[in-house]
Every structure is written in structure tokens, then in C-alpha cells.
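> Structure provided below as C-alpha cells; questions to follow.
Protein chains in written order, with my numbering: chain R, 1 to 203; chain G, 204 to 586; chain F, 587 to 865.
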């Protein structure tokens, strides 16, 4: 499998509420990057006796080479699907890192530099089921990350799902990708393969 | 990837715990008896799905960890490759039968995903506090093989190794993971059939009336028939003679005890597994295992960038302690850094081997957090 | 089945390379229970290779070593857990557990109720002598209220377990009680138990004069057998007695007799079904 972009160490945090499908989102994204795109990926998550509605977090580290330290600590991308998660993790974004928000659930963004979509509302009105929200996010992220190929990520998503819900999720994925393309504009320049710019960040 | 005509290796994006199951099944595990406990439960859950589908697989949820080990030993005596998995509190309960397994020389694999302790401790946080318990937790003098894994691929590989060692030396083998390794998802590659070795226990070939179940052999490991195969003999946790009958005659007791140590000790080079990373010219060497070894690797790379000749000795076997490997790096390193998520359970082994030659710096953390690369880097730069 | 079996049959099943003599005291009931077990195995025509005796710790635990079957002498109270593993791994084997009262009901109480609940195909013999015999006569969970032992020198204040009732409540398929005095009935109970699917338990009331009788006003071992003769009452007759009649007596016979399939049967049937679905 060919890697499109040479990545040094790219850190993603997906965060929000329990029940939003954060962990599943992370697993599908991770599997797509690792198995579909051929990157090295470590995915960790917050474990705990978390009830539905509590906080949920899932971290991914993506790299072209071996990943020694598996946990994320200086984020290139933070996806926050709740106000609480946004408040808790915003400070972990590295300078130039991108914040993606659920605009209905995060009403008080900590910065003006963010990208956002009303993912939950989109899932309800355009896909028909709220549970597909995480797949819309996946579609949006797939657009945003220059090293992700939409086609590969979509087939990775499809192979992870039971046949019954494959079509509706494919629809959600495409919707997310399309809307992100329209709303988010160009993919962030800094991610397009100039790893030396990000070097030297001490951890 | 090797020549194109060879079958492509299967890749999975899996948890450390799931990789343990993949490894166990490749090694021929056909019995799982256990009791669920965080953070090891995924091993049991996946086993519950997979084993009933296997030709001869048996999955059993027992009433507690004591019973789990009992069932595992029973299945092992009946000829199965058997395993269980647990975490700290369950590991404490399993110590009783871990000793029994040593005494009756029952091959089995016990995976302990370490969490913070003592007692209920930190159920969902990583620690490495069970290292010395794995070695000395059960009562009485005994030999013990304790292995560890630091990433998801290693979880698979070391589980196969654990089964092979258990079968080869007729002994329980403990595989220590920590919560980070167990709960990290990574890409793993399932080896093709010709890429890994599977060892099965030696069974007797002599007529049953000649068979002595605990008799001396060249390797120190007596052949072991499954129960019900025509070799009727007595198995007991009491000190026993070569026929398996209880004895307290000093010479028979000594023979048994010495054989049980020798059967592992004489194969030390084969049992001692480790990896050296940039060790050859290292002035400062980090000795680490489990997920901490990953942080250590990162720290070593950064130290090299800053002009310090650092290296990493990653231990995959914790006991019998890889003495020779440690002595080798001590030959040129003037200082050793031993980072652990405990108060110094392996650093005491390092110090014992060191015997005053090099500076040994223990770096300990017991707050349920992984030791970060920067902490290790700091220690490397200081010593 | 009713043929008279002489001692020469028992000799065929003993291990003559074992360093005899055995550990049992004169007057002990355990040897009679072991004899009954051998006779029932013989009557059923079981192959020695197919019989596994799994024993715990105590005087009862030592019995395993004397018989020429596959024998496993395990840890205190845990015999059933080992037996469960063996039975699940090799369901064609006849797995028999030999346990004492302290073994099966105190330290191993949890394993007993769970073995009964999961209905694993094991026959458990609980040799109940109301005392920890081997370790010197400390009280056990079946030591009767008011009786004396090394650890109840002023009389036991706790009630004892009713072993059969416990097994019944936990869901055992077959539950019976016999005594070392009623040896012929014991043979029959054991034959029935061994033929049952699922978990079967036979409690054998077996006197220990050395550690229990001497401290509790039994002059000799024979007195204890006289006590068994007097107080053990067939369950049918016991049910007809009023409360005063039942006092100082206990019922013997079959209490539970069900035919639910054992866990191992269900498990292997499930495997078979899954395989059928696959192909």
C-alpha cells in the first residue's frame, strides 16, 4: 500500500460524549489509515466506567515510520463534539493545529480559528438517523486530511460495518465529505507534506 | 513483502488484547477458562467468540480466578494447550494454583494485564506493579518464566512464545502486559504458517507400564501424556517421587526440586529474550520493558540527536532475569536508566547484576500514568 | 448388579506399587466409601483408563493415590475446578471428585454451588465426617451445633450445613445421601449417581472417631457406627415422622433425581450446530 504523504508524527484527538460513537469513529479511521493507506497508527482511548452521556475520547497517532510513543500529546487535529470536550482539550492543540467542532453542541468556541458543521442536525435531517453522525464526521475528516483518500477510507468504512447499515453509512460519509469540501475550503496547507516544519516540538 | 506468489499476510487493526487471542490461537490454544476483569476482559470476550467455532476449542467462564486456574490446569492435564487472562486482583487469587502448576509441571499460559495497585487500585490505568509477584507470588521455592510485550505485534508474538516455552519446559508461563499495550490499537500482521514455530509437549512413547511420570530426562522435562490415553498415573501437589507418589524422603525431595529448577536454568540463553537498540556504543543505556520501552525508544532517539550516546535494552523476558544481556551493556555503558511504572521492581534486578559497576538510576512512576519520553530523556541527560 | 463382590475385585483396582500402608485410622469410614466407589465402577464396567479421580485435601483427598485410575490430587477445596476443566476438555471421561466436608463446603463451597449450578457432568462424593480430621480435629462447616472440637472447645455455636439441601438448592441433577454403615445402599447410590448426566452429588456420612467421636462422647469407633445405624432413616420414612421423631435422625436415600443434560453435552452440541451452519 502506498502512502500518499510522508508523515513524521501526526496526532488526532476525537472527543465528545459517550454514545456519539467516538470510539467507533476512531477505530474505523485508524483501520482505514493503517490497513487501507499503509500508515503506522496507534489508537488509544479513555477507558473508565463511563456512562452514556459522559465524556469520551479517542486518540490516534499516525506516522509513516515506526511510532515509539503511542499516546497523543501535541495535537495536529482536535475534533470536539461537545462543549466540555472542547474546553478540556483545546489547550493540547499545537500551534497551527486545526480545531473541528460540532457547531450546535459547542456554542462557545475558545477561538475564532475553527472549522465547524452541525453534524448532529445533518445526521437527523439529511441521513435520517442521528447515529450516523460519527460517519459524517469521518467523511469530513477524510476531506480535511490531505493524506486520506476518500475512496480508500470509504471502503474501509464499508468493510467494518454489517450489511444492514452499510448503505446509510456510505450516504453519511459522502455527505460529510461533500459538506466539508463546501464549508471548510482548501485543505490546510501545513499538512501537505512539509514535516520539517513540525519538528523540534519537545514533548 | 516477500515473493509475490506467496500468500499475502493478513493484516488487522487490533487491540493488544485481541492480538493475544490471535497469537494464542496460532499457537494451538484450545482451552480458555477465566473470570472477567478490567483491563484484560477483551481477551476473554474474543475467546468466547472464537473458541466454540474451533474444532476442539473449549471456552469456560468460571466462578472466580482460583477456579479459572483450576480448570486451566485440569484441561492442561487432559492434553489441551490452555490459558487464562487476568489483572492484579485476579492474579493474586491465581497464585495458589500457579504454584500447583509449577509442582505438577502443567504447561499453561497466564496473561496478566497489569493495572495500578495494590488491591483494587486503578482498574483502568497502567502500571507494572506485578513484576515481582509474577516471579515470587506463589509460595515455596520455584522457577518461573515471565515474559512481557511492549506493542501490539509483540502481544501476538510473545503469546506464541509463551505457549511454546510452556510446552517445551512443562511449566506455567506468565505474560505481563500493561493497560497501555493491551488497550492500544495498532496494525498487526498475522504471520503465515511457515513463519512461526509451534512446539507441542513431548508425549511418552514407551509402554504404559514402563512410564514414570516425573522421571529425570536429559532435558529435565518428563514426557506428558494426556489423561485418558492409557498412561494412568498420580498427579499431586505434594512433593512426589518419580512415580508421582507423595514422598518426604530428603533425597527424593531434593531430586525433584533440583530438576524443576534445572529444566529451565540450563536453557537460559534460549529463555532470555531481549532486543538491543543502539546499544553497541552506548554510554547511557535505558533498560525497559512493556509500554515504557516505547517511550524509552523515543527518548533514546532524542538523546542521540542531542549528541548523547544513548541505547535501549528492551527486556522481553523478565524472569529468569536476562543477566548476560545486562552485563553485556554494562561492559561499556557507564550509567543505566531503568524507567518503570512501579517503585523499582526490575531496577533491583539490574542493581543486583550490576554489583556496583555502573550508575543505576531508577525512574519510577506510580500515579497511573505512562512514563513519557521527556522524563526518560531528562534522566538520560542527567546521569 | 446385585452380585456379591468379594475383596479380590477391590484388589484389582488398587495400586500395589504405592507405598502402603494407607493413612486412614482404624474405624474410619472413608475406606468403606472408597470400596463402594470401586464396586460401583466395576459393576458399571467402566474402563480404568476412562475414570478420573480428582481429590481435594484432607483424609478424603489421600484416597485417590491408592486406586489405579487416572488420579489427580489437587488443592484444598478446588477439586471441582480441576474436574470441570478435565470434563470439558475430555467429555468422554468419567470424572469423579472425592472431597471432604471442610474441602467441599468451607474453602470450596463456592466451587460446589457453581458446579451444581452449571450442571457439569461430574460425580462428587462428599465424605462428611463433621470435622477436619487430618489436621487434628478443628471444626468444619458440618460440625453440628453444640459439639466439641479443637477450635470449639466450649461447644460449636454455629449451625452446620445440610450438604444435600445445599446441592439441591444450587441445582444439582442428582443428590443422595448414604453412610459408611449402609455399605450396600451406598453401592447402589453411587451406581445411580455415576449413570446420571450432569452434576451428581452423593454425601457419605462417614465417622471419624479419632478426631470427632472421642471429643463428643462416643466411646469407640463402633459406637459411631451404632449411631449411624440408629439415626440414619430412609428418606421416605423420615418424611412421615413428626418433628420429635425427626429429632436426632437424618434422612438417607435419593433426594433429587433429574435428567437435564450436562454442561459439556450442551457445549459440544452447540459446537456441532455451529459447524453445521458453517459448512
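Virtual Cβ for every residue (Gly too), placed ideally from N, Cα, C.
Are residue 464(G) and residue 348(G) touching if we call contact CB-CB under 8 Å?
Taking 8 Å as the Cβ cut-off, residue 464(G) and residue 348(G) do not qualify as a contacting pair.
> For residue 530(G), collect the residues of the same chain with a Cβ closer than 8 Å to its Cβ; drop the 5 residues on either side in sequence, then sort them by chain order.
If we look at residue 530(G) and ignore the five residues flanking it on each side, its Cβ neighbours are 556.
> Mind listing the chain R neighbours of residue 494(G)? Cutoff is C-beta to C-beta under 8 Å, in chain order.
Simply 70.
> Near residue 524(G), what residues of its chain come up, given a Cβ to Cβ distance below 6 Å and the 5 sequence neighbours on each side ignored?
Result list for residue 524(G): 552, in chain order.
> Run the CB neighbour count on residue 66(R), radius 10 Å, all protein chains shown included, and call it buried at 16 or more, exposed below.
Flag for residue 66(R) reads exposed.
> Looking at chain R, which residues of the segment 218-249 of chain G have a Cβ within less than 7 Å of any of its Cβ atoms?
Hits within the stretch, in order: 242.
> Under 8 Å, do residue 79(R) and residue 13(R) count as touching if we go by C-beta distance?
Yes, they are a contact pair.
> Taking all protein chains shown into account, do 16 or more other C-beta atoms lie within 10 angstroms of the C-beta of residue 113(R), making it buried, or fewer, making it exposed?
By the neighbour-count rule (16 or more Cβ atoms within 10 Å), residue 113(R) is not buried but exposed.
> Select from 470(G), 568(G), 260(G), 538(G) the residue whose C-alpha is nearest the C-alpha of residue 861(F).
Ranking the options by Cα distance to residue 861(F), first place goes to 260(G).
> Nearest-angstrom Cα distance between residue 250(G) and residue 363(G)?
Going by the C-alpha atoms only, they are around 15 Å apart.
> Which class does residue 188(R) belong to by DSSP, given the choice of helix, strand or coil?
Here residue 188(R) sits in coil by DSSP.
> Can at least three beta-carbon pairs, one atom from the segment 369-383 of chain G and one from the segment 333-342 of chain G, be found at a separation below 8 Å?
The segment 369-383 of chain G vs the segment 333-342 of chain G: in contact.
> In three-state terms, what does DSSP make of residue 173(R)?
Reduced to three states, the DSSP call for residue 173(R) is helix.
> Count the other C-beta atoms from every protein chain shown that fall within 10 angstroms of the C-beta of residue 787(F), then say buried if there are 16 or more, exposed otherwise.
Buried, by the Cβ-count rule.
> For residue 404(G), return the contacting residues in chain F, with the cut-off set at a CB-CB distance below 7 Å.
Ordered by position in chain F, no residue passes the 7 Å Cβ test against residue 404(G), which lies about 14 Å from the chain.
> Measure the CB-CB distance between residue 300(G) and residue 661(F) and report whether it falls below 8 Å.
Yes.
> DSSP has residue 63(R) in a bridge; who is on the other side?
DSSP, once it has assigned bridges, lists 40(R) as partnering residue 63(R).
> Let's see if you can read the secondary structure: which residues bound the beta strand (DSSP E) around residue 589(G)?
The requested residue 589(G) does not occur in the structure, where chain G is confined to residues 204 to 586.
> Out of curiosity, what's the CA-to-CA distance linking residue 153(R) and residue 142(R)?
Spanning the two alpha carbons is a distance of roughly 7 Å.
> Assign residue 546(G) to buried or exposed, taking buried as 16 or more other Cβ atoms, counted over all protein chains shown, within 10 Å of its Cβ.
With fewer than 16 Cβ atoms within 10 Å of its Cβ, residue 546(G) is classed as exposed.
> Should the segment 644-652 of chain F be regarded as contacting the segment 682-691 of chain F, the criterion being three or more beta carbon pairs within less than 8 Å?
At 8 Å Cβ cutoff, the stretches touch.
> Under DSSP, the alpha helix (DSSP H) around residue 576(G) begins and ends at which residues?
Taken as a continuous stretch (DSSP letters only), the alpha helix (DSSP H) holding residue 576(G) covers 576-585.
> Taking the alpha helix (DSSP H) that residue 303(G) belongs to, which residues open and close that run?
Here the alpha helix (DSSP H) through residue 303(G) covers 291-307.
> Is residue 694(F) near residue 722(F), with beta carbons less than 8 Å apart?
Against a cut-off of 8 Å, the Cβ pair of residue 722(F) and residue 694(F) comes out as no contact.
> Find the nearest neighbour of residue 499(G) within the set 567(G), 479(G), 576(G), judged by alpha-carbon distance.
That would be 576(G), whose Cα lies nearest to the Cα of residue 499(G).
> Verify whether the separation of the beta carbon atoms of residue 77(R) and residue 97(R) is less than 8 Å.
Yes, the Cβ-Cβ distance between residue 77(R) and residue 97(R) is below 8 Å.
> Give me the chain R residues within the contact set of residue 387(G), using Cβ-Cβ distance strictly less than 8 Å, ordered along the chain.
Within 8 Å Cβ-Cβ: 42, 43, 44, 70.
> Taking the DSSP output, what are the residues bridged to residue 787(F)?
Its beta-bridge partners are 710(F), 761(F).
> If contacts are defined as beta-carbon pairs under 8 Å, then residue 481(G) and residue 514(G) qualify, I think. What distance do you get, rounded to the angstrom?
Confirmed, about 4 Å.
> Does the beta carbon of residue 634(G) sit closer than 8 Å to a beta carbon anywhere in chain R?
For chain G, the structure presents residues 204 to 586; residue 634(G) sits outside this window and is missing.
> Excluding the five sequence neighbours on either side, which residues of its own chain have a C-beta within less than 8 Å of the C-beta of residue 350(G), listed in chain order?
Closer than 8 Å at the Cβ level, and outside the excluded window around residue 350(G), lie 361, 364, 365, 368, 376, 377, 378, 379, 476, 519, 520, 521.
> Tell me which residue opens and which closes the beta strand (DSSP E) that residue 102(R) is part of.
Counting along the chain, the beta strand (DSSP E) containing residue 102(R) begins and ends at 93-102.
> Report the residue from 231(G), 405(G), 432(G), 430(G) whose alpha carbon sits nearest the alpha carbon of residue 422(G).
The residue with the shortest Cα to Cα distance from residue 422(G) is 405(G).
> Figure out for me which residue from 284(G), 383(G), 341(G) has the closest Cα to the Cα of residue 331(G).
Considering only alpha carbons, the answer is 383(G).
> Less than 8 Å separating the beta-carbons of residue 698(F) and residue 666(F)?
It is a contact, given that the beta carbons lie within the stated cut-off.
> Can the beta-carbon of residue 417(G) be found closer than 8 Å to that of residue 440(G)?
For residue 417(G) and residue 440(G), no; Cβs fall outside 8 Å.
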